[in-house]
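Visitor:
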Amino acid sequence: MPARIFQRSKSVMQSGKARTDEWVLEFEQSEARRADPLMGWTGSGDTQSQVVLTFPSKEAAKEYAERYGISARVHATPPKTLKLQAYADNFR
102 MPARIFQRSK SVMQSGKART DEWVLEFEQS EARRADPLMG WTGSGDTQSQ
152 VVLTFPSKEA AKEYAERYGI SARVHATPPK TLKLQAYADN FR
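The numbers in my numbering rise by one with no breaks, and the one at position 85 of the sequence shown is 186.
Put into C-alpha cells, the structure is as follows:
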C-alpha cells in the first residue's frame, strides 16, 4: 500500500510553531470515494486512509516504512521565506 512521508506544516490559524517538527506517514487512498445513496455522505471502504502516524524525524518514518514493507514517497519540505517589511511601507 503506497504512503507518503511529509513534514507537518503550520496551520494558517496558528502563529506558533507547535507540532511543526513532526514527520507524518499517511497512507494514500486505494479506492475512490462514493456518495451514500441514503444520506448523501461520501465515504469508502478503505480504512487504511484513516491511519496517520507521526514520527520525530524523517529517518524514523523511512525506517518504519522499510521495516513493514510500505512503499513510501518522501515529500521535501519547502524552504521557509520571510517577507521583511517595515510599517512605513504600507503608506508608499
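For glycine and all other residues, C-beta sits at the position ideal for the given N, C-alpha and C. Note that the structure is predicted; figures quoted are calculated from it, not measured.
Just list the residues that DSSP pairs residue 106 with in beta bridges.
Guide: Translated into the one-based positions of the sequence shown, residue 106 becomes position 5. Paired residue(s): 126, 175.
Visitor: Are the beta-carbon atoms belonging to residue 147 and residue 131 less than 8 angstroms from one another?
Guide: For the purposes of this step, residue 147 is taken as the residue at position 46 of the sequence shown. For the purposes of this step, residue 131 is taken as the residue at position 30 of the sequence shown. Yes; because the gap between Cβ atoms is below 8 angstroms, this pair is in contact.
Visitor: Identify the continuous beta strand (DSSP E) that holds residue 154 and give its terminal residues.
Guide: For the purposes of this step, residue 154 is identified with residue 53 of the sequence shown, where counting begins at 1. Here the beta strand (DSSP E) through residue 154 covers 153 to 156.
Visitor: In three-state terms, what does DSSP make of residue 120?
Guide: Reading the sequence shown from its first residue, position 19 is the one you call residue 120. Coil at residue 120, not helix or strand.
Visitor: Please state whether DSSP places residue 134 in a helix, a strand or coil.
Guide: Within the sequence shown, the letter at position 33 stands for residue 134. Coil, per DSSP.
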